[in-house]
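Q: End of the sequence shown sits at 161 in the working numbering; the numbers just go up one at a time, nothing left out.
Where is the CB? At the ideal position from N, CA and C, for every residue including glycine.
Since we're looking at a predicted model, the values are computed, not measured.
Right, I'll just put the structure down here and ask away after.
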Amino acid sequence: MDTSNVSKALQDLIIRLQDSEKGFREIRKVTSNVSLQKWMDRYADERHKMHQVLEGHVAARGDNATVTTSLLGDLHRIFIDLKLSAMDEDFNAIVNEIERGSSRLIEDYDTVMSELDLPLSLKNNLIYQQGIIKAELEELLILKKELNAVEA
């Protein structure tokens, strides 16, 4: 097993999780929708826990687990901030952006699990984390339908 490839893949996931966490916290700050604020708090906390677990796996491999958000993630958050301010809290647009980001993160987990030979404990952690992301996405889409039905 090439541990450097595993560590690099985990660090990439950590960066994506950190980007997601910061993005959720940014949305939380700019929305007045109480339901969405609660969801963003929960999602941000989950992403934080997830990247901490992965950082532990990287450190256990003897590699440096200290990573920061990506420039691309920082630029994306700036774009989202501009989009949020321009769309006057368009809930559907916010949810669509979260859906896009979460779907991409789910794909990233699939890629890591399918392309690398991972220890069972790590693979189980990745499966578990990916399941949380999928469940959160499903719940958010249900919330979107419920809020759209109330507004209709």
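Would you mind sorting Ile23 into buried or exposed? The rule is 16 or more other CB atoms within 10 Å of its CB.
A: Buried, because 16 or more other Cβ atoms sit within 10 Å of the Cβ of Ile23.
Q: Within the continuous alpha helix (DSSP H) that includes Thr40, where are the two ends?
A: Segment: none, Thr40 is in no alpha helix (DSSP H) and carries neither H nor E.
Q: In angstroms, rounded to a whole number, what distance separates the CA positions of Met96 and Ala69?
A: Legend: pLDDT at Met96 = 47, less than 50; position of this residue unreliable, value from coordinates given subsequently. Cα-Cα distance, rounded: 45 Å.
Q: Does DSSP classify Asn14 as helix, strand or coil?
A: Of the three classes helix, strand and coil, the one that applies to Asn14 here is helix, per DSSP.
Q: In this structure, does DSSP put Arg126 in helix, strand or coil?
A: With the sequence shown as reference, residue 126 is identified as Asp, and Arg is not the correct amino acid for it. Note: Asp126 maps to coil in three-state DSSP.
Q: Between the region 142-159 and the region 31-38, are three or more C-beta pairs nearer than 8 Å?
A: Because the criterion of three Cβ pairs below 8 Å is not met, the region 142-159 and the region 31-38 do not touch.
Q: Tell me whether the beta-carbon of Gly110 lies closer than 8 Å to the beta-carbon of Ser29.
A: Contact: yes.
Q: Going by DSSP in three states, Gly140 sits in which element: helix, strand or coil?
A: Gly140 falls in the helix class under three-state DSSP.
Q: Going along the chain, which residues of its own chain have a beta-carbon closer than 6 Å to the beta-carbon of Ala53, five neighbours each way excluded?
A: Taken in chain order, the residues that qualify are Glu30, Phe33 and Arg34.
Q: Assuming the contact rule is C-beta atoms closer than 8 Å, Leu19 and His66 should be a hit. Round their C-beta distance to whole Å, please.
A: The Cβ separation is near 6 Å, so the contact holds.
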